[in-house]
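Numbering (full-length UniProt numbering), first residue to last: 1 to 265. Where a beta carbon is used, it is the ideal one built from N, C-alpha and C, also for glycine. A quick note: this is a predicted structure, and the numbers were derived from the prediction, not measured.
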Ligand SMILES: Nc1ncnc2c1ncn2[C@@H]1O[C@H](COP(=O)(O)OP(=O)(O)OP(=O)(O)O)[C@@H](O)[C@H]1O
Ligand SMILES: [Mg+2]
């Protein structure tokens, strides 16, 4: 780490490194349309290293689209997105590298159904990070133990519960050593009794300093683990503050209305 405030070029791809509070993700004036539909409207968002940002908002407000632009599963029409100071690459090797830096966990677990749990976790590290089979398996077993499913390593995904599969999906993302993890409603496809086992893993990750962006309706998680809550509606960020500010001093009627609906049931 440097004590200088001037950017210092540290590694081969000229990644600027300043201080530990630098934004890991910065979105500036991002606009996105699907045809005539304006889905992201002037999105400005900074997430610093170690920060846990929860995004909430009604269905169709653009939460998933926002996440998907961050690892370029969706292109944007204007504005800029940088990860750790580097603009999102258009394509090619740099894009593969970026995708490795941004872990993503979806509502559906997206595991390869015909591969064992262990193979699911070792596949990308072997292909993209170039690890040997033995090294990838050693690390995979450590990660599977960390999320509490190491005893399932030789099974196929269908032999695991939804909660276990989602924890495998988290371990698989972590195996790429991401700088930031995106979670898009990771518990909304789970039976209620499995939600907490996944949230517990996410809370642990947050405590260990992982930078996280989490789309969720789990307000308990937001209160417990988030540093910041962003409320989106109709493609716009309407509120951006601490959980305390958001839950106790909700500013907009739109967010008040949304909260009253989800906190009621
Ligand atoms: N590939 C696509 N093509 C066209 N329209 C899309 C596409 N993906 C999303 N949309 C539309 O963009 C808007 C934002 O969708 P998005 O999935 O980002 O919302 P969301 O906030 O994640 O909603 P939910 O809470 O239901 O997951 C919606 O109106 C949706 O129908
Ligand atoms: Mg969504």
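Of the residues 90, 100, 64, the one placed nearest residue 106, counting alpha carbons only: 64
Environment of residue 103 [buried if 16+ CB atoms lie within 10 Å]: buried
Ligand 1 heavy atom lying under 7 Å from the CB of residue 34: yes
Alpha-carbon to alpha-carbon, residue 239 and residue 146: 34 Å
The region 166-186 touching the region 198-218, judged by at least three CB pairs closer than 8 Å: yes
Neighbourhood of residue 237 by C-beta, 8 Å cutoff - its chain only, sequence neighbours within 5 removed: 43, 44, 45, 230, 231
Cβ-heavy atom distance, residue 64 to ligand 2, below 7 Å: yes
Bridge partners - residue 233, DSSP secondary structure assignment: 236
Contact test: residue 61 Cβ vs ligand 1 heavy atom, cutoff 7 Å: yes
4-residue-minimum alpha helix (DSSP H) runs that sit fully inside the region 13-69, ordered along the chain: none
Completely contained beta strand (DSSP E) runs for the region 162-240, where each covers 3 or more residues: 180-184, 211-215, 228-233
Per-residue burial, residue 51 [other beta carbons within 10 Å of its own, 16 or more giving buried]: buried
Beta-carbon proximity of residue 31 to residue 79, cut-off 8 Å: yes
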